[in-house]
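Below: the structure, in structure tokens.
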């Protein structure tokens, strides 16, 4: 009985905390010696009680608030790349016409560099329109959806996958240009130089 009382009356001794704030390390060996003194602290994982889990707030709504909608509608103001003299012109009006922009307006940028830059912007706009027209034409010619009737007479729709990459809605032209096959390193074999044989 006395042993049990002694065991119960023993208080847990608090582990001394190692204070290394005043330690000075000059070599790697000193650092290793100090590192050996540092104990491994085992931290228990925190247990979350079911009461602490909050699934839904009372005033929570999936609908966006008015303030958030207003912030979303405001566009981010990027710097306008168009020269100051040409800002009151509509670039769309200049790009839709197949005439050089110099003939359509009397306004000109002040320096030559801005004029060349504005010409490039107009050229990009024209190329964008051409690409949109070409894509529309290509989509009309090559539809990716095949329609067929099955034995029961029901019309079925099937999306054709690309023969090159296997992706749906791919015509096989873009993936051939952009696809990158050499994604893994190819080991270099040592080349043996052969001397030409002289007769």
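Numbering (this note's numbering), first residue to last: 102 to 300.
Note that the Cβ used here is the ideal one computed from N, Cα and C, for glycine as well.
{"Asked": "Given residue 258, which residues of its chain have a CB within under 6 Å of its CB, disregarding the five upstream and five downstream residues?", "Found": "246 and 248"}
{"Asked": "Hey, would you say residue 183 sits closer than 9 Å to residue 193, going by beta carbons?", "Found": "no"}
{"Asked": "What residue range does the alpha helix (DSSP H) around residue 246 cover?", "Found": "No alpha helix (DSSP H) holds residue 246; the beta strand (DSSP E) holding it covers 246-250."}
{"Asked": "Please report the Cβ distance between residue 277 and residue 269, rounded to the nearest whole angstrom; I am assuming they are in contact, meaning their Cβ atoms lie under 8 Å.", "Found": "At roughly 16 Å, the Cβ-Cβ gap does not stay under 8 Å, so residue 277 and residue 269 are not in contact."}
{"Asked": "For residue 208 and residue 279, what's the separation of their Cα atoms in angstroms?", "Found": "41 Å"}
{"Asked": "On the premise that residue 239 lies in contact with residue 210, defined as a C-beta separation below 8 Å, what is that separation, rounded to the nearest angstrom?", "Found": "Incorrect: roughly 36 Å between the Cβ atoms, too far for contact."}
{"Asked": "Are the Cβ atoms of residue 202 and residue 219 separated by less than 9 Å?", "Found": "yes"}
{"Asked": "For residue 223, which residues from the same chain have a beta carbon less than 8 Å from its beta carbon, with the 5 sequence-adjacent residues on both sides left out?", "Found": "192, 195, 196 and 202"}
{"Asked": "By DSSP, does residue 277 sit in helix, in strand, or in coil?", "Found": "helix"}
{"Asked": "So, using beta-carbon positions, are residue 121 and residue 138 closer together than 9 Å?", "Found": "yes"}
{"Asked": "Measure how close the beta-carbons of residue 119 and residue 126 come, nearest whole angstrom, since I'm counting them as under 8 Å.", "Found": "Incorrect: roughly 15 Å between the Cβ atoms, too far for contact."}
{"Asked": "Determine the direct distance from the alpha carbon of residue 154 to that of residue 241, and round the result to whole angstroms.", "Found": "54 Å"}
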